[in-house]
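In mature numbering (1 follows the signal peptide of the UniProt record, and there is no 0), the protein residues as written are -16 to -1, 1 to 175.
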């Protein structure tokens, strides 16, 4: 009886070890998740009084039966849903865009950053054991670009700028707890 319980426990542990956590940042997934689009309600089909008033079909465009929750909420609150699709720069953002573009800007910045990121990822790709183990290398690849929030807060506070709090010491974006750094008083408080 004891041998049977031991074998059953070992079998269950072996099977449990074969399971994997979901790889949320992995584009390749062998699992089929729920189809979110199957449960989204659509507007009822109606025939308009004038069929010539219908917009021309646009491949990949919106459909008159597609749900528009933002526009529906604006209309329910007495607003104008047509303002949601207004194109161009708002009046309040003109000064901000002028200031940020004062040193020049590239029109194809998205393509430039996509190419730079592709080059970065190719230089920091998976290692052989990471490929075999199907591990996520996102945090390791982008770690040099990670901001140390406590060092940055201390830098700003030494200049006299009021800053909000940061995540607790020892917390990292990966969820791993790291050893906290020894807290030191600012230079002007040390004797």
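Ideal placement from N, C-alpha and C gives every residue a C-beta, glycine not left out.
| Item | Value |
| --- | --- |
| Look at residue 55 and residue 65 and say whether their C-beta atoms are less than 7 Å apart. | yes |
| In chain order, what residues of the same chain have a beta carbon less than 6 Å from the beta carbon of residue 53, not counting five sequence neighbours either side? | none |
| Can you tell me which of the three DSSP states residue 99 falls into? | helix |
| Whose C-beta lies closer than 8 Å to the C-beta of residue 26 among residues of the same chain, with five residues either side of it excluded? | 49, 50 and 51 |
| Taking the beta carbon of residue 8 as the centre, do at least 16 other beta carbons fall within 10 Å, making it buried, or is it exposed? | The pLDDT assigned to residue 8 is 49, lower than 50, so where the model puts this residue is not dependable, and the model offers no usable value. |
| Please identify the residue among 68, 149 and 87 whose C-alpha is closest to the C-alpha of residue 135. | 149 |
| Alpha carbon to alpha carbon, how far is residue 99 from residue 93? Give it in angstroms, no decimals. | 10 Å |
| If you drop the 5 nearest sequence neighbours on each side, which residues of the same chain put their C-beta closer than 7 Å to that of residue 24? | 51 |
| Per DSSP, what kind of secondary structure is residue 151 in: helix, strand or coil? | coil |
| Whole angstroms is fine: what's the gap from residue 95's alpha carbon to residue 129's? | 20 Å |
| Could you pull the start and end residues of the alpha helix (DSSP H) that residue 56 belongs to? | 53 to 60 |
| Roughly how many angstroms separate the alpha carbons of residue 58 and residue 82, rounded to a whole number? | 30 Å |
| Mind checking which residues open and close the alpha helix (DSSP H) that includes residue 133? | 133 to 142 |
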